[in-house]
DNA sequence: TGAGTATACATCGGCTATCTTGGTATGTCA
DNA sequence: TGACATACCAAGATAGCCGATGTATACTCA
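Protein chains in written order, with this note's numbering: chain A, 687 to 800; chain B, 687 to 800.
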């Protein structure tokens with residue numbers, strides 16, 4: 687099944703903050719991790735990822751630092767900030783509320799209001 | 687808590703199809719019903735609703751007809767089509783898959799992949 | 001009878017996050 | 001040397017929701 691891009695919208699930041707909150711990660715790794723973790727359901731691309739990371743960094747929710755890998759390549763690691771954790775907590779709640787609301791609509795038992 | 691417009695995006699069509707699938711409804715009624723059904727969590731406005739209804743009608747997922755209410759006012763009722771029911775079924779599945787994927791990311795037990 | 005509110009339809013511009021496409025550069029392996 | 005994975009990034013296009021605004025009718029209550 688295809689992922690509807692419009693479903694992804696609004697959750698990407700949450701996904702990124704959540705993923706990075708576990709351990710500092712670099713872009714390419716985040717891409718692979720998220721896609722793997724959702725069994726390929728998400729098809730997160732770099733064209734979506736990097737702008738999002740930059741946005742979150744600019745908002746002070748992430749902090750970036752460069753590191754040299756054993757392979758010799760430079761990697762830009764992203765680390766969550768305290769502000770990031772606060773926002774993440776909010777976004778988690780927001781998601782739960784949203785999912786609940788949707789379920790309320792999709793529930794077969796829902797009575798026709800009015 | 688505020689509803690993130692970006693979360694609504696991509697689910698509005700599903701919500702509308704689902705709501706209308708139970709019984710033909712007119713715009714104003716849909717607005718009130720959805721908002722009531724989600725305990726005010728959604729704040730569906732006419733500026734979002736009517737364009738969406740028109741879009742769905744143009745795609746052949748809804749069919750509209752006018753009716754005169756007892757009150758004397760004209761109401762434009764929307765009815766789901768067979769194509770609409772098929773798409774709704776898809777969208778329900780899509781939503782479940784999506785919600786599952788998100789849960790997989792948000793699950794505290796998720797192991798750091800890679 | 002007049003004002004205010006609820007009902008009922010609709011359009012339009014602005015916003016913005018995501019997608020697609022394209023680009024640069026390095027390391028590995030055959 | 002060529003192919004591929006790794007690793008970063010930019011830019012333009014897209015498309016859908018939101019807020020504001022407009023029109024018109026019916027009801028309520030002073």
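Each residue gets a CB set at the ideal place from its N, CA and C atoms; glycine is no exception.
When you compare the CB positions of residue i and residue j, do they come within less than 9 Å of one another, or not?
i	j	result
residue 780(B)	residue 693(A)	yes
residue 733(B)	residue 767(B)	no
residue 742(A)	residue 713(A)	no
residue 688(B)	residue 738(B)	no
residue 790(B)	residue 786(A)	no
residue 717(A)	residue 695(A)	no
residue 744(B)	residue 710(B)	no
residue 736(B)	residue 750(B)	no
residue 690(B)	residue 784(A)	yes
residue 715(A)	residue 760(A)	no
residue 701(B)	residue 788(A)	yes
For the alpha helix (DSSP H) that contains residue i, what are its first and last residues?
i	result
residue 761(A)	Here residue 761(A) belongs to no alpha helix (DSSP H); instead the beta strand (DSSP E) covers 760 to 766.
residue 707(B)	698 to 708
residue 730(B)	Careful: residue 730(B) lies outside any alpha helix (DSSP H) and carries neither H nor E.
residue 692(B)	691 to 694
For residue i, go through chain A and note every residue whose CB falls closer than 7 Å to its CB, in chain order.
i	result
residue 785(B)	785
residue 695(B)	692, 695 and 696
Determine the DSSP secondary structure at residue i, reduced to helix, strand or coil.
i	result
residue 796(B)	Bear in mind that a pLDDT of 47 at residue 796(B), under 50, signals an unreliable position, so the model cannot answer this.
residue 748(A)	strand
residue 712(A)	strand
residue 791(B)	helix
Which residues of chain B have a Cβ atom closer than 8 Å to the Cβ of residue i, listed in chain order?
i	result
residue 778(A)	792
residue 767(A)	None at all; the shortest Cβ gap to chain B is about 19 Å.
residue 763(A)	Within chain B, no residue comes near residue 763(A); the closest Cβ sits about 14 Å away, beyond 8 Å.
residue 704(A)	791 and 792
Could you tell me which chain A residues have their CB closer than 8 Å to the CB of residue i, listed as they occur along the chain?
i	result
residue 752(B)	Here the premise fails: no neighbours, minimum Cβ distance about 20 Å.
residue 716(B)	Simply none; closest approach about 10 Å.
residue 720(B)	791
For residue i, return the contacting residues in chain B, with the cut-off set at a CB-CB distance below 9 Å.
i	result
residue 749(A)	Ordered by position in chain B, no residue passes the 9 Å Cβ test against residue 749(A), which lies about 19 Å from the chain.
So which residues of chain B does residue i contact, with C-beta pairs closer than 7 Å?
i	result
residue 727(A)	783 and 787
residue 724(A)	787, 790 and 791
Review point. Within the chosen definition, does the region 704 to 712 of chain B reach the region 770 to 778 of chain A through at least 3 CB pairs nearer than 8 Å?
Key: no
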